[in-house]
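Enquirer:
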Amino acid sequence: MCTNIVERTNVSGGGRGAQGWFTLAEVSVSYDHPFHVQLEHALNIDFTNESAGVGARVAVELTLESAKELARALKAAVDRADQYEATGYA
Amino acid sequence: MPGTTDQYEGMIAETIRIPGHNGDRIHAYYAHPVGPGPFPSVVWLHHFPGWDEWSKETARKLAYHGYATLAPDLYCRDGHGAPEDMAARVRANGGVPDAQVVGDAAACRDFLRSQPNSNGKVGVTGTCSGGRHAVLAASCAPGYNALIDFWGGGVVVRPEDLTAMRPVAPVDYTKDLDCPILGIFGNDDRAPTPEQVDIHEAELKKHGKTYEFHRYDGAGHGFFYYDRPQAYRAEQAVDGWRKVLDFFQRNLGN
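Going line by line, the protein sequences match chains A and B.
According to this note's numbering, the first sequence is numbered sequentially starting from 27.
According to this note's numbering, the second sequence is numbered sequentially starting from 7.
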């Protein structure tokens with residue numbers, strides 16, 4: 027809200043929140059004030075399901091450098107998964 | 007209000023519902039001194055993390071110092087849950103509409119001024135996004151007696167960063183501001199940066215507004231937040247609180 031840096035998309039999958047597992051519907055990725063980690067700004071990822079209530083949320087707050095590493099790892103794993111699905115080999 | 011040890015003091019702090027912007031019923035935290043008054047009042051606009059413990063605690067601090075303080079839940083229309091979950095939802099949605107906040111704040115101001123023990127003077131303030139909202143509230147709905155901007159980010163905005171919910175940079179409303187403003191800023195802050203504070207100050211000067219800006223070295227964003235160890239700066243916060251209470255006393259006192 028203070029930086030206006032936020033990206034949203036819909037997702038399909040599951041997440042484990044404070045009340046246990048729930049179906050995920052959306053994810054928002056923001057670079058703004060975090061709640062927990064001791065930084066002025068953090069890369070915040072919120073997996074949510076708005077139709078399941080405001081508490082249906084899995085929250086992650088990362089340093090910017092950690093977020094870049096996560097993005098790299100996510101991309102690498104997705105690329106290998108695509109290859110596996112296409113060829114049977116990762 | 008702090009007095010001598012033989013004086014009675016008391017306050018009531020509770021959730022109430024009031025008609026906000028467009029008559030929507032919204033929650034507000036009302037912390038006010040007990041007694042005949044007359045009491046000055048403050049509209050207290052919570053920060054980005056929401057209508058949380060720190061915000062309500064600060065409302066009670068202002069009440070302790072003699073100010074009937076009303077803090078609206080600016081996220082009330084977005085649902086209810088833990089303050090952090092609500093703030094995350096609002097963050098994902100890009101915030102709340104500026105016009106709605108201005109309306110909610112004006113409704114709080116009018117509620118406070120209509121109380122039988124009000125002295126008729128009402129200030130508006132807030133920290134972080136609440137500082138920005140306070141600047142907007144006082145500029146877009148004239149009728150406050152004092153404004154304090156605690157490190158409000160996004161007062162100075164590039165045109166390309168404006169959104170449907172934030173269509174105008176608050177600094178562009180400066181000419182309409184009709185009350186004195188106190189600004190509390192950290193020189194290590196990046197929202198707002200010292201350069202953005204300079205632009206805001208220049209605009210106030212240009213339009214002949216009454217202002218006091220205090221800028222603290224060794225402090226960044228949110229340096230009053232004792233529950234955020236990386237942000238809290240005790241010395242600067244203590245001095246800042248003194249300036250805040252002095253400013254409100256001079257502009258809202260009986």
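For every residue, glycine included, the Cβ atom is placed at its ideal position computed from N, Cα and C.
(1) A:S38 CB to nearest chain B CB: under 8 Å?
(2) Would you mind listing the alpha helix (DSSP H) stretches within the segment 83 to 134 of chain B that are 4+ residues and don't spill past its ends, in chain order?
(3) In the DSSP assignment, find the unbroken alpha helix (DSSP H) run with B:L258 in it and report its ends.
(4) Would you kindly check if the distance between the Cβ of B:G100 and the Cβ of B:M17 is under 8 Å?
(5) Count the CB pairs spanning the segment 25 to 39 of chain B and the segment 101 to 115 of chain B that are closer than 8 Å, and state whether there are at least three.
(6) Could you tell me which residues DSSP pairs with A:S54 in its beta bridges?
(7) What residue does the beta strand (DSSP E) around B:V48 start on, and which one ends it?
(8) For the segment 146 to 165 of chain B against the segment 65 to 83 of chain B, are there 3 or more C-beta pairs whose distance is under 8 Å?
(9) Name, please, each residue of chain B whose Cβ falls closer than 7 Å to the Cβ of A:A85.
(10) Can you name the residues that DSSP bridges to B:D155?
(11) The beta strand (DSSP E) that contains B:P198, what's its start and end?
(12) For A:A85, I'd like the list of residues in its chain whose CB is within less than 6 Å of its CB, leaving aside the five on either flank, ordered along the chain.
(13) Measuring only the C-alpha atoms, how far is B:P46 from B:K127?
(14) Quick check on the burial criterion: 16 or more other C-beta atoms within 10 angstroms. Buried or exposed for B:I22?
(15) Which residues, in chain order, does the segment 207 to 233 of chain B contribute to contact with chain A at a C-beta distance below 8 Å?
(16) Going along chain B, which residues have a C-beta under 9 Å from A:Q64?
(17) In or out: B:H206 buried (at least 16 other Cβ within 10 Å) or exposed?
(18) Straight-line CA distance for B:F229 to B:A237?
(19) Helix, strand or coil, according to DSSP, for B:Y222 in the structure here?
(20) Ends of the alpha helix (DSSP H) at A:R98?
(21) Apart from the five residues on each side of it in sequence, which residues of its chain come closer than 8 Å, Cβ to Cβ, to B:P200?
(22) Hey, B:A140 and B:L76: beta-carbon distance below 8 Å or not?
(23) Taking C-alpha atoms, which residue in A:R106, A:A107 and A:A51 lies nearest to A:G40?
(24) Quick one: what does DSSP say A:W47 is sitting in, helix, strand or coil?
(25) Could you spell out where the alpha helix (DSSP H) holding B:A65 opens and where it closes?
(26) Determine the chain B residues that contact A:V80 at a beta-carbon separation under 9 Å, and present them in chain order.
(27) Would you kindly work out how many angstroms separate the C-alpha atoms of B:S61 and B:C134, rounded to a whole number?
(28) Provide the residue span of the beta strand (DSSP E) that contains B:P39, from first to last.
(29) Between A:F2 and B:P55, how many whole angstroms is the CB-CB distance? I'm expecting something under 8 Å.
(30) Could you name the residues of the segment 42 to 66 of chain A whose beta carbon sits closer than 8 Å to any beta carbon of chain B, in the order they occur along the chain?
(31) Start and end of the beta strand (DSSP E) containing B:E263?
(32) Could you check where the beta strand (DSSP E) with B:P78 kicks off and where it finishes?
(33) Taking CB distances under 8 Å as the criterion, tell me whether B:F191 reaches chain A.
Expert: In short, the structure shows the following:
(1) Taking the first sequence and counting its residues from 1, the one referred to as residue 38 of chain A is at position 12. For A:S38, the answer is no, since every Cβ of chain B falls outside 8 Å of its Cβ.
(2) 89 to 98 and 104 to 119
(3) Against the second sequence, residue 258 of chain B aligns to sequence position 252. Element bounds for B:L258: A240 to L258.
(4) Your numbering for residue 17 of chain B matches position 11 in the second sequence. Your numbering for residue 100 of chain B matches position 94 in the second sequence. No, these two residues do not count as a Cβ contact at 8 Å.
(5) yes
(6) By 1-based counting over the first sequence, the position of residue 54 of chain A is 28. Bridge partners of A:S54: A:R34 and A:D72.
(7) Numbered from 1 along the second sequence, position 42 holds the residue referred to as residue 48 of chain B. Counting along the chain, the beta strand (DSSP E) containing B:V48 begins and ends at F45 to L51.
(8) no
(9) Counted from its first residue, the first sequence places residue 85 of chain A at position 59. Per Cβ cutoff of 7 Å: A94.
(10) Taking the first residue of the second sequence as 1, we reach residue 155 of chain B at position 149. B:D155 is bridged to B:G132 and B:G189.
(11) If you number the second sequence from 1, residue 198 of chain B lands on position 192. Per DSSP, B:P198 belongs to no beta strand (DSSP E) and is neither H nor E.
(12) Walking along the first sequence from the start, residue 85 of chain A turns up at place 59. Around A:A85: D72.
(13) The residue given as residue 46 of chain B occupies position 40 in the second sequence. The residue given as residue 127 of chain B occupies position 121 in the second sequence. Taking the straight line joining both Cα atoms gives about 5 Å.
(14) If you number the second sequence from 1, residue 22 of chain B lands on position 16. Per the 10 Å Cβ criterion, exposed.
(15) G226, H227 and G228
(16) Here the question's residue 64 of chain A lines up with position 38 in the first sequence. Chain B residues near A:Q64: R234, P235, Q236 and A237.
(17) Counted from its first residue, the second sequence places residue 206 of chain B at position 200. Buried is the call here.
(18) Here the question's residue 229 of chain B lines up with position 223 in the second sequence. Here the question's residue 237 of chain B lines up with position 231 in the second sequence. Straight-line Cα distance between these residues: approximately 5 Å.
(19) Residue numbering aside, residue 222 of chain B sits at position 216 when the second sequence is read from its first letter. Strand at B:Y222.
(20) Position 72 of the first sequence, counted from the first residue, corresponds to residue 98 of chain A. First-last of the alpha helix (DSSP H) with A:R98: L90 to T113.
(21) Taking the second sequence and counting its residues from 1, the one referred to as residue 200 of chain B is at position 194. Excluding residues within five positions, the ones whose Cβ falls inside 8 Å are F191, N193 and R221.
(22) Taking the second sequence and counting its residues from 1, one reaches residue 140 of chain B at position 134. Taking the second sequence and counting its residues from 1, one reaches residue 76 of chain B at position 70. Their beta carbons are not under 8 Å apart, which means B:A140 does not touch B:L76 by this criterion.
(23) Indexing the first sequence from 1 puts residue 40 of chain A at position 14. Answer by Cα proximity: A:A51.
(24) Numbered from 1 along the first sequence, position 21 holds the residue referred to as residue 47 of chain A. In this structure, A:W47 counts as strand in the three-state DSSP scheme.
(25) Position 59 of the second sequence, counted from the first residue, corresponds to residue 65 of chain B. Note, B:A65: alpha helix (DSSP H), E59 to Y70.
(26) Taking the first sequence and counting its residues from 1, one reaches residue 80 of chain A at position 54. Residues of chain B passing the Cβ test: D84, G85, H86, G87, A88, D91, M92, A94 and R95.
(27) Within the second sequence, residue 61 of chain B is the residue found at index 55, counting from 1. Within the second sequence, residue 134 of chain B is the residue found at index 128, counting from 1. Taking the straight line from one Cα to the other gives about 11 Å.
(28) Counting from one through the second sequence, the residue named residue 39 of chain B turns up at place 33. Looking at the DSSP string, the run of the beta strand (DSSP E) that includes B:P39 is R31 to P39.
(29) Not covered by the structure: residue 2 of chain A. The range shown for chain A is 27 to 116.
(30) E52, S54, S56, D58, H59, F61, Q64, L65 and E66
(31) The structure shown does not extend to residue 263 of chain B, since chain B spans only 7 to 260, so no value can be given for it.
(32) As a first step, residue 78 of chain B must be located in the second sequence, where it is residue number 72. Start and end: A74 to P78.
(33) Within the second sequence, numbered from 1, the residue matching residue 191 of chain B stands at position 185. Chain A contact via Cβ: absent.
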